[in-house]
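The structure appears below as structure tokens.
Residue numbers (our numbering), protein chains in the order written: chain H, 1 to 300; chain G, 1001 to 1361; chain F, 2001 to 2299.
Below is the structure:
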């Protein structure tokens, strides 16, 4: 009787329902991350599992003395910062455009948010096609309009390759910024604009004094989030340039991948992963500070 | 600066919001646009402000036609229902915003802000942000923002509706004083007839986009132009009874109630509605030509008064206001006494006041 | 009178134009891909390139969907050497569908149950779990991949679609959890309490009262999960190595590794890969934006 009661009791249901998550989370989230950290201290070669050995901090020594690690780090940082800059500018701009009651707005909104769901593989391949130096349509158009006299090698020089990957990243993820900013724009009380009109503010002034301050908080959140994510992105770079030409578009994620897959140094790859996670934690703390800070100001 | 509204019409697509509004607000008077939600009063206010286009008609401030002018060029100030204070600016910067946008020198702005803050007793709040203020304080900042600009016309859109009942009573007086200090023409929008009655010099009662009556509080209260105004103004609301005019008296069922002398000219046999305020009725001892018999169905104590509801027939209820000391019990048989002078008469079909017609004739 | 309406109308027109230009620029890659996929080989490399094909052909789509072997010369009777990617397209498509639906199903079920439990019951860790989940969401997949791969090796699940299902659960579960939790929190408890008083058991309340109300959130989470699984490349690349078992993303990238790139075929593959996502997105756009608005910005 008591056993049946327990099975029917609230408490049991509660624990029963959370159990699958706990199990799954431990097996597929906690374990892999713990393993990743553990692997950083070992030398792993997937083809020779018998030669696994504890190497202490060797892997970390390796990466910190590897010039490729540092160039990956700096390249990745530049890539991230520039991507975020453009995503924010375009994101806010497009959101402002979309924040009107024009006819057919729903269609525009749908079309402009599309890049977010396109597989990275698809956009990388299309990019390679249209930015192909000889037969791509971009170079052809630019040349026929007279903007350039010689084809631009979009993916063959370090600078252009970096620019191309930034472009792809901006294309794919600006919609995310648009969604967030648009949602916030729609919550701005209209009376503030009326008051500003009566007070005498013109359109630009209203943007500065009413719209922008309202956007401040959501932009902070979005920028921090996107920075953390962009810094760790793999596919957007790898699928377009494989980190090249040479290693000029490597970031830490690509570096880690190459160490593990190509060089078969899983331990080194894991060590890079640990470094990335530490950076992630620093970023999260920054975010919590900044976001929490915003909340404190409001409540006093 | 007076405000002239001539043949104002406003529609959104096929829906007509305002029909042929013709009003003149004399300079420096406190005018209220009063009516239930959806009557068009806020739209009219926004059109005066320039926040809404006019479909037809014209608006003049003094001699100037302002139809096409942007709000910033009309020299108006406005207080919104939610106060619309700029949340990221301090009170000081909120107050000074209008002047700053017009590129007034900083020193002048500062002087004006401090002066206004002192008058409104918010000078100790100058460095706080709106989120840190109470409702009443925020409202004073909104008022201050208007005062700093020294406008010709001052517009207010239901500024008291977000305050609790007690604060509202205090603020009514303050707003009236504020109007006198400001010395501008004030246009005030509200759905609360008590606010309108206590604060205004003139009231425009509106319903479904049409101005029902425009007059002083005494006029709209004492000589309502139609059924709507009669029923809307005054609390507790007026009682209405339907019947016919019969040889100078009002026949309802078996009874024939007295009518005011002005009603002498009304056609015999006309279907009419009379209105009497609960305050103008009393409970009399015995039946008579000026009374209706009935049974008490509800007694409410209002404080110093009692509101007694009397069923005079199966479907007809009359509310009578009596002194609290009167001993009236539920279910008692009573007689409601009518005083000819306080009876308002309306044409049942047109809903217009027949007394006004009579005086015209 | 005319001048009154003129400038506002001009402003509207200018905005519209700007909107159209921006939208075209954003959609151009996909439009161009579609256009290329419908052109015969002769027209693909023609100059000047045309946006709307002069002559349309469905040969590329035919090749992919029928599994015909890819030929290196145009005109048909060339030589095919070894297995060519086009043959596997339908197979890869099915693989992707299986893996996407499988992982989404698991993630949704687990996270919905968990979200209900977290918001209706009290126990230790109740408030920490969602935030932990969010933290998990922020960990980049590159960190998960190799440890999970080693785990699959030990379970002898390498080169098996099931390993991908698990892998995708790993990356979709955290956000689904967060989303469902935020959503469940906003469902008022009163209806459940009414049902409990009426005599329903907790399980019945969950199935009959809570699930229907939570449907919008479930849909949003499902869409998110499906998009992430379908679009992933990294896990597929690491976990699977036989041609038969590849997912669409990894397989189509293979097209590109060959010496001769058949752009028309590649673009057709790209279009076909994107179509399911487009359908999902268009049909349920409202749900997606609502779901993201609630979860993402808050986090």
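A virtual CB, placed ideally from N, CA and C, is assigned to each residue, including glycine.
- Query: For residue 1207(G), which of helix, strand or coil comes out of DSSP?
  - Reply: The answer is strand: DSSP assigns residue 1207(G) an E or B state.
- Message: Quick check on the burial criterion: 16 or more other C-beta atoms within 10 angstroms. Buried or exposed for residue 199(H)?
- Response: buried
- Which full runs of the beta strand (DSSP E) of 3+ residues lie inside the region 1003-1033 of chain G, going along the chain? 1003-1012 and 1015-1025
- Item | Candidates 2227(F), 2161(F), 2272(F) and 2268(F): closest to residue 2280(F) by CA position | 2227(F)
- Considering only C-alpha positions, which residue in the set 1212(G), 1155(G) and 1118(G) is nearest to residue 1019(G)? 1212(G)
- From 2147(F), 2045(F), 2039(F) and 2007(F), pick the residue whose C-alpha is nearest to that of residue 2238(F); which is it? 2147(F)
- Answer yes or no: does any C-beta atom of chain H fall closer than 8 Å to that of residue 2233(F)? yes
- Item | Near-chain C residues of the region 2249-2277 of chain F (beta-carbon distance less than 7 Å), N- to C-terminal order | Looking at the structure shown, chain C is missing, and the protein chains on hand are H, G and F.
- Task: Grab the span of the beta strand (DSSP E) containing residue 1347(G) for me, first residue to last.
- Result: 1344-1347
- Query: Is any beta-carbon of chain G found at less than 8 Å from that of residue 201(H)?
  - Reply: yes
- Quick one: list the residues of chain H neighbouring residue 2138(F), beta-carbon separation under 8 Å, in chain order. 228, 229, 280 and 284
- Query: What span of residues does the alpha helix (DSSP H) with residue 95(H) cover, start to end?
  - Reply: 67-98
- Contact with chain G by residue 209(H), beta-carbon distance below 8 Å: Residue 209(H) counts as touching chain G.
- Message: I believe residue 2210(F) touches residue 2196(F) by the beta-carbon criterion, under 8 Å. Please report the beta-carbon distance rounded to the nearest angstrom.
- Response: Wrong, their Cβ atoms sit about 12 Å apart, outside the cutoff.
- Within 8 Å (strictly less), CB to CB, does residue 101(H) reach chain G? no
- Item | Interface residues of chain H facing residue 1297(G) [CB-CB closer than 9 Å] | Against chain H, a Cβ distance below 9 Å from residue 1297(G) picks out nothing, because the smallest value is about 45 Å.
- If we call anything under 8 Å between Cβ atoms a contact, is residue 1311(G) one with residue 1323(G)? no
- Message: Suppose you measure from the CA of residue 294(H) to the CA of residue 220(H); what does that come to, to the nearest Å?
- Response: The pLDDT assigned to residue 294(H) is 46, lower than 50, so where the model puts this residue is not dependable, and the model offers no usable value.
- Message: Using 8 Å as the threshold, is the C-beta distance between residue 1338(G) and residue 1257(G) below it?
- Response: yes
- Under a CB-based cut-off of 8 Å, is residue 232(H) close to chain F? yes
- Query: Which of the residues in the region 2089-2116 of chain F, read from start to end, lie with their CB under 8 Å from any CB of chain H?
  - Reply: 2106, 2109, 2110, 2111, 2113, 2114 and 2116
- Query: Which full runs of the alpha helix (DSSP H) of 4+ residues lie inside the region 2009-2062 of chain F, going along the chain?
  - Reply: 2041-2044
- What number of angstroms, rounded off, separates the C-alpha of residue 62(H) from the C-alpha of residue 250(H)? Near 17 Å, if we compare the C-alpha coordinates of residue 250(H) and residue 62(H).
- Message: Measuring straight from C-alpha to C-alpha, what distance separates residue 2055(F) and residue 2040(F)?
- Response: 7 Å
- Please work out which residues of its chain come closer than 6 Å, Cβ to Cβ, to residue 1292(G), disregarding the five sequence neighbours upstream and downstream, and give them in chain order. 1255, 1312 and 1336
- Message: Give me the DSSP bridge partner(s) of residue 1189(G).
- Response: 1033(G) and 1157(G)
- Does any CB atom of chain G fall closer than 8 Å to the CB of residue 195(H)? yes
- Query: How is the beta strand (DSSP E) around residue 1241(G) delimited, first residue to last?
  - Reply: 1239-1246
- Item | Inter-residue Cα distance where the pair is residue 2268(F) and residue 2032(F) | Taking the Cα positions, residue 2268(F) is about 11 Å away from residue 2032(F).
- Hey, does residue 1102(G) have any beta-carbon neighbour from chain H nearer than 8 Å? yes
- For residue 2098(F), the three-state DSSP class (helix, strand or coil): helix
- Message: Taking only three categories from DSSP, how would you classify residue 1336(G)?
- Response: strand
- Query: Run through DSSP, which three-state label would residue 107(H) get?
  - Reply: helix
- Task: Under 8 Å between beta-carbons, which chain F residues line up against residue 10(H)? List them in chain order, please.
- Result: 2121 and 2202
- Query: Does the distance from the CB of residue 311(H) to the CB of residue 95(H) come in under 8 Å?
  - Reply: Since the first residue of chain H shown is 1 and the last is 300, residue 311(H) is not available in this structure.
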